[in-house]
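Novice: Numbering (this note's numbering), first residue to last: 2 to 447.
In this text, a Cβ means the ideal position worked out from N, Cα and C, and glycines have one as well.
All of these numbers come straight from a predicted model, not from anything done at the bench.
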Amino acid sequence: MKNKYLYIETFGCQMNVHDSEQMAALLANIGYKTTDNPNWADLILLNTCSIREKAAQKVYSELGRLGKFKEQNPDLIIGVGGCLAQHLGTKFHKRVRHLDFVFGTHNIHRLPEMIGSVQKKREKITNVDFYKSLNSIGIYAPPVNGSISAFVTIMQGCNNFCAYCVVPYLRGPEMSRPPEDIIKEIKKLADNGIKEVTLLGQNVNSYGKALENGLNFTALIKKIGKIAGLERIRFTTSHPRDLSEELINCFAEEEKLCEHIHLPVQSGSNRVLTLMNRGYTIEEYMKKIDHLRKVCPQISITSDIIVGFPGETQKDYQETIDMMEKIRFDSTFSFKYSERKGTAAQKLAGKIDECEKQQRLKFLQTLQDKHTLEKNTELEDSCQEILVEGKSKNSANDLTGRTRSWKIVNFKAEQELAGKSIAVTITKAYLHSLRGKLMEEVGNVN
Ligand code: 5AD
Ligand code: SF4
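#1: Whole beta strand (DSSP E) runs in the segment 354-400 with 3 or more residues, listed along the chain?
#2: Kindly confirm or deny that the segment 331-341 and the segment 368-383 touch, where touching means at least three C-beta pairs closer than 8 Å.
#3: Measuring only from the beta carbon, is P169 closer than 7 Å to any heavy atom that is part of the ligand SF4?
#4: For G202, which residues from the same chain have a beta carbon less than 6 Å from its beta carbon, with the 5 sequence-adjacent residues on both sides left out?
#5: Counting pairs of Cβ atoms below 8 Å between the segment 167-183 and the segment 121-128, do you hit three or more?
#6: Which residues have a Cβ closer than 6 Å to any heavy atom of the ligand 5AD, listed in chain order?
#7: By the DSSP assignment, the alpha helix (DSSP H) with S21 in it spans what residues?
#8: For N161, which option in C14, R279, G68 has the closest C-alpha, if you only look at C-alpha atoms?
#9: Is H292 a contact residue of the ligand SF4, with contact defined as CB to any heavy atom under 7 Å?
#10: Out of E285, H263, E254, which has the shortest C-alpha to C-alpha gap to G269?
#11: Counting along the chain, where does the alpha helix (DSSP H) carrying A57 start and finish?
#12: Given a threshold of 16 other Cβ atoms within 10 Å of its Cβ, counted over all protein chains shown, does G32 qualify as buried or as exposed?
#13: What is the DSSP secondary structure of G194, counted as helix, strand or coil?
#14: For V266, which option in E256, F336, C297 has the closest C-alpha, if you only look at C-alpha atoms?
#15: If we count the other Cβ atoms within 10 Å of its Cβ and call it buried at 16 or more, is K1 buried or exposed?
#16: Considering Cα atoms alone, identify which of A419, K408, Q416 is closest to I427.
#17: Along the chain, where does the beta strand (DSSP E) containing Y6 start, and where does it finish?
#18: Can you confirm whether the segment 48-61 touches the segment 335-349 when touching is taken to mean that 3 or more C-beta pairs between the two stretches lie within less than 8 Å?
#19: Between the beta-carbon of E232 and the beta-carbon of K196, is there less than 8 Å?
#20: What is the DSSP secondary structure of S137, reduced to helix, strand or coil?
#21: Would you grab the beta carbon distance between G343 and P311 for me? Rounded to a whole angstrom, and I think it's under 8 Å.
#22: Return yes when the Cβ of T49 is within less than 8 Å of the Cβ of C14, no when it is not.
#23: Closest to E114 by CA distance: which of L64, S434, I387, N30 is it?
#24: Please report the distance separating the alpha-carbon of L93 from that of V273.
#25: Identify whether A419 lies in helix, strand or coil by the three-state DSSP scheme.
#26: For R178, count neighbouring Cβ atoms within 10 angstroms of its own Cβ and tell me buried if that reaches 16, exposed if not.
#27: Buried or exposed: C356, going by 16 or more other Cβ atoms within 10 Å of its Cβ?
#28: Please tell me whether, using a cut-off of 7 Å, the distance from the CB of N204 to the nearest non-hydrogen atom of the ligand SF4 is below it.
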């Protein structure tokens, strides 16, 4: 089989990053090697995001640039997948003339068939249907290639309909994968040297709800915890309303579950949380944080926050700031509200001026940076277990890895330690990383 080249670009969240890995794995089966040079490509795929307007704009401008390669190579095939593709469907062909095919979030498994059709008939294709269940469909475990960490999709879609969010429309209703399939996939990953898995889903806490005789999320974690060779389990993303006491306790009980939770709060104002249709009060949220910190004092807590949601007053915004001061997150992703077509928030009155949103965001991010640095500084002189990922990007002499609490640590080492769990002492804290020193007297933790 002659080698063909695939150039793939990914926008958006970890779900998309993982979907792209799956696309590459699937296409490798039909002879496509990935390249990072679009000049060489026989096939260009863009895995798109549509969560905020800015993400969609980036996709259009990149498609404009990549379209030029088609002038030099008329056989080049260009396809778009992901959320923006799901949203626009056939309209994508009208907006971008040089596209060959558009595929939705549930159609990754049809890639080879779509490419075959384009090659044969040279007609434009669109596939954006949703499938009915996740039973052994659409999941292709990517090859391991010496990595030590892998994502594993455990569910797809979302039933929450937060007022600002397009995900339920673009990823479909919540569906869980059968636990046997997940366990089988992780066992295979562990047999191939994977030490850490991140369980992925839009709302992992409600895993299993719609499965007949299925496990719930905590039971799934405990089952995964028994897989030999696997050292660390992470998950993302959790909805605060569905975070059960049982799962909170799991942070103390399950040794392999890492001490980090991403728990998007979105706002500190009950009025705004109601408008957002989040299904919890800020008091309930804080209670869960207290509980998490009680059962697992070293847990790191990260979050998502939106500023400038329609109708957010100065008082509401101040309540978000006060909440941040009380909780002191390890880090946050924060966003200006971005209006999305078809969502409930689009119809709300009281849209906030862009300039005002920008100011609110900037102040909030400055405060968060202060908290992040303070949190990181608290770790100075402590001993941390690091799972070594490999060479640091910034310095040839350094290795890099993450703490169980998800913080990046760079440190000097003579030996090849990738894939090993080692102990380091934190010598210096920065905003985005920590500096560590190998604890020779302790050596390998595992
Ligand atoms: N505008 C701004 N931020 C949004 N998010 C989701 N939709 C929007 C929107 N329309 C943010 C939320 C979510 C994160 C993934 O993206 O904070 O948790
Ligand atoms: Fe969007 Fe809310 Fe679902 Fe998260 S829980 S994907 S914010 S609708």
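Specialist: Per the coordinate set shown:
#1: 384-392
#2: yes
#3: yes
#4: I155, M156
#5: no
#6: I52, R53, Y165, C166, P265, Q267, D305, I307, F336, Y338, S339, R341
#7: 15-29
#8: R279
#9: no
#10: E285
#11: 54-73
#12: exposed
#13: coil
#14: F336
#15: Because the chain here runs from 2 to 447, residue 1 falls outside it and cannot be looked at.
#16: K408
#17: 5-11
#18: yes
#19: yes
#20: Because the pLDDT at S137 is just 46, under 50, the model does not fix this residue reliably, and the value given afterwards should be weighed accordingly. Correct three-state label for S137: coil.
#21: Wrong, their Cβ atoms sit about 15 Å apart, outside the cutoff.
#22: no
#23: N30
#24: Note on identity: in this sequence residue 93 is Phe, with Leu being the wrong assignment. Their backbone Cα atoms lie some 34 Å apart in a straight line.
#25: coil
#26: buried
#27: exposed
#28: yes
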